[in-house]
Amino acid sequence: MNIPQQLLFLYIALLLPVWAFNIPTRSSSSSSSTDKPLQWLIVGGGPIGVHIATRLLEEVPSMSLSKLCIVDEESSLLHKWKHRTDLTGMVYLRSSSSYHLDVKEDSLKRYADQITRGKSKSKKNSRQPMLFAADYQRPKLDFFNEHCDHVIEKNKLDQVHVQGMVTDVKIDPNDDHVEVEIRQPNGDIIITCAENVVLALGSDAPAYPDWADEEMIHDGKIKHIFDEENEWGHNDQSIAIVGGGISAAHLALKLSEDTRKGTVLDDAHSTTVHMICRHELREQQFDTNQDWMMNRADAKRSKAGGGQGIPKCQRHFESLDSYIERRDVIKKERQAGTISAAVIRGKGGLRYAIDEERIHWHQDDILSVAKEEGSGQLSLSLASGDNIMVDQIILATGFKKSPPASFLINNIAQRYGLELCPCGYPAPDESLRWHKRIYLAGALAELELGPSARNLAGARLASERIVAAALLRQRVVVSGHLSDAGV
């Protein structure tokens, strides 16, 4: 093959995801698009976006791949999810087997049965893999991700993934479609039209404490666990992990275990792992009470079986007219900075590692950090008066409290007069519509869905309402009374 042919095939391969499925795009310099708009465009290729896309394809009769697009900055769907969970050293998920990216609730369990049956046939008397933890049937992370890949492959979602960053969303003057401006990795701007847009964006701005010096961050002496590029422990003798939540606990256990096995440093050194947190260890199985995770279909089955139906906490949340009061409920009910029982006191858990002094626990607050001349070590001054010397600080301090993609959200709100709450988050309706063409999911929908909106349970809560709205719109369009229905 000569060089021109190679370049031609490369060019075709790069174009294939767009033209093969007729995703209607145009360059920003074009004045109009002659292609019919997509039915749905989802901004965000994380777990929530992938689950919504899956459910739209499988439950809305008019949907097909040619009418769908998922826009995400990464080269593959779920890239950030996989990267971040891998960084923490998580082995099993915190949530149960009911929460996954497929449609049917038992899909993950059925997939596990297929795998174990296949392995039983290929290897007699072989020990079956522990795909689920004993408590709450929590799936193993690598198995969960394998199932995610299966869902994507089954629905061919990778073929409708457009890599790029959404920089603007404009509503057509006639309100019949939305124009989405996408900046591609090469800097080119394309515009894609869709009848409906779902903003399923996750938090992307790590939170840094005030004492975190910018120069130390730049030099890699202070890192956030969710930074895009992260390596730690390869050349350092002492590491301080700041945070008291489950991500901090997973990472502390991973580094302490790596040290014991001799995988972090060479034989000449050993790593000391410190864990610093303002509060004592807080044990909580899930990051919100399970009542916040019940969707409407489950509530209906509960009611039919003599149960309470929609939980009391959800009914109370829905009755609140004040978004300030709703935000207060979310702050109270979201169990931030907590760790599940299995991670705290399960086999090889955090308490055992602390007792064995593989992890040095400090219930304290950091007042300041200074870099020592010569050694380059960091001196941490604590509120108790203690001082700790470390080679590197890893922050497990979560994300900023501002809305995801706040610049984009603020632009849309100002341009079209859409409501923003005092906390800066949008105010969707019961169907998660912020505008009749713009739907919200994940953190952006939490003032309607409640404190579980950001997690895997929240993906199912959001998809249920968005699919219901899509089905209603389809019925109304067929009957010819779209404007009368207000959808």
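All residue numbers for the sequence shown refer to this note's numbering, where the first residue is 56 and numbers rise by one. Where is the CB? At the ideal position from N, CA and C, for every residue including glycine.
| Check | Outcome |
| --- | --- |
| Taking only the alpha-carbon atoms, compute the straight-line gap between Leu473 and Trp489 and give it to the nearest angstrom. | 7 Å |
| In its own chain, which residues sit with a C-beta less than 6 Å from the C-beta of Leu254, not counting the 5 before and 5 after it? | Val98, Leu495 and Leu499 |
| Mind checking who Arg488 pairs with in its DSSP beta bridge? | Tyr494 |
| Would DSSP call Ser293 helix, strand or coil? | strand |
| Please classify Arg381: is it buried, with 16 or more other beta-carbons within 10 angstroms of its beta-carbon, or exposed? | buried |
| Among Gly440, Leu422, Ile125 and Ile521, which residue has its Cα nearest to the Cα of Lys211? | Ile125 |
| Does the separation of the CB atoms of Ala438 and Asp420 fall below 8 Å? | yes |
| Apply the 10 Å Cβ neighbour rule to Lys278 and answer buried if 16 or more other Cβ atoms are within range, or exposed otherwise. | buried |
| Terminal residues of the continuous alpha helix (DSSP H) containing Thr109? | Pro102 to Glu114 |
| May I have the straight-line CA-CA distance separating Glu373 from Asn344, to the nearest angstrom? | 16 Å |
| Hey, Ile301 and Gln447 are a contact pair by Cβ (cut 8 Å); roughly how many whole angstroms apart? | No, Ile301 and Gln447 are not in contact; Cβ-Cβ is about 21 Å, not under 8 Å. |
| Out of Lys137, His106, Ser130 and Met145, state which residue places its alpha-carbon closest to the alpha-carbon of Gly404. | Met145 |
| For Cys476, decide whether its Cβ has a neighbour in chain B, counting only Cβ atoms nearer than 8 Å. | Of the chains in the structure shown, none is chain B; there is only one protein chain. |
| Ignoring anything shorter than 4 residues, give me the alpha helix (DSSP H) runs that lie fully in the segment 234-292, in order along the chain. | 269-273 |
| Give me whichever residues DSSP pairs with Trp95 in a beta bridge. | Leu123 and Asn251 |
| Between the C-alpha atoms of Gln218 and Glu129, what's the straight-line distance to the nearest angstrom? | 6 Å |
| Count the other CB atoms within 10 Å of the CB of Met349; is the residue buried (16 or more) or exposed (fewer)? | buried |
| Does DSSP put Ser150 in a helix, a strand or coil? | coil |
| Within a Cβ cutoff of 6 Å, which residues of the same chain sit near Lys122, ignoring the five residues on either side of it in sequence? | Leu93 and Gln94 |
| Would you be able to state if there are at least three C-beta pairs under 8 Å between the segment 138-153 and the segment 190-197? | yes |
| Check for me: the alpha helix (DSSP H) holding Val384 runs from which residue to which? | Tyr378 to Glu388 |
| How should Gly505 be labelled, buried or exposed, when 16 other C-beta atoms within 10 angstroms of its C-beta is the threshold for buried? | buried |
| Taking C-beta to C-beta, are Val424 and Met271 nearer than 8 Å? | yes |
| Check whether the Cβ atoms of Gln390 and Glu335 sit closer than 8 Å, and answer yes or no. | no |
| With a cut-off of 8 Å on the beta carbons, I'd call His305 and Val398 a contact; round off their distance for me. | 7 Å |
| Spell out a yes or no on whether the segment 148-164 and the segment 99-112 are touching, meaning 3 or more CB-CB pairs, one atom from each, closer than 8 Å. | yes |
| Return the residue from the list Arg165, Asp127, Thr393 and Ala307 that minimises the CA-CA distance to Trp416. | Ala307 |
| Given Glu250, which residues of its chain have a CB within under 8 Å of its CB, disregarding the five upstream and five downstream residues? | Pro92, Leu93, Gln94, Trp95, Asp231, His232, Val233 and Arg492 |
| Opposite Val398 in the DSSP bridges: which residues? | For Val398, which the question treats as bridged, DSSP gives no partner whatsoever. |
| Can you name the start and end residues of the beta strand (DSSP E) that Ser436 belongs to? | Leu433 to Leu437 |
| Please classify Gly275 as buried or exposed, where buried requires at least 16 other C-beta atoms within 10 Å of its C-beta. | exposed |
| Which residues in the same chain as Leu132 place their Cβ atom closer than 7 Å to its Cβ, once the five residues preceding and following it in sequence are excluded? | Gly100, Val105, Ile125, Ile207, Leu212, Asp213 and His216 |
| Just to confirm before moving on: does the CB-CB distance between Arg351 and Glu113 stay below 8 Å? | no |
| Ile409 lies in the alpha helix (DSSP H); which residues open and close that run? | Leu405 to Asp410 |
| Tell me whether Asp322 is buried or exposed, calling it buried when 16 or more other Cβ atoms sit within 10 Å of its Cβ. | With a pLDDT of only 44 at Asp322, under 50, the local geometry of the prediction cannot be trusted, and the value read off the model is given with reservation. Looking at its Cβ environment, which holds fewer than 16 other Cβ atoms inside 10 Å, Asp322 is exposed. |
| Can you check which of these residues, Cys478, Thr452, Asn442 and Ile449, is closest to Pro458 by C-alpha distance? | Cys478 |
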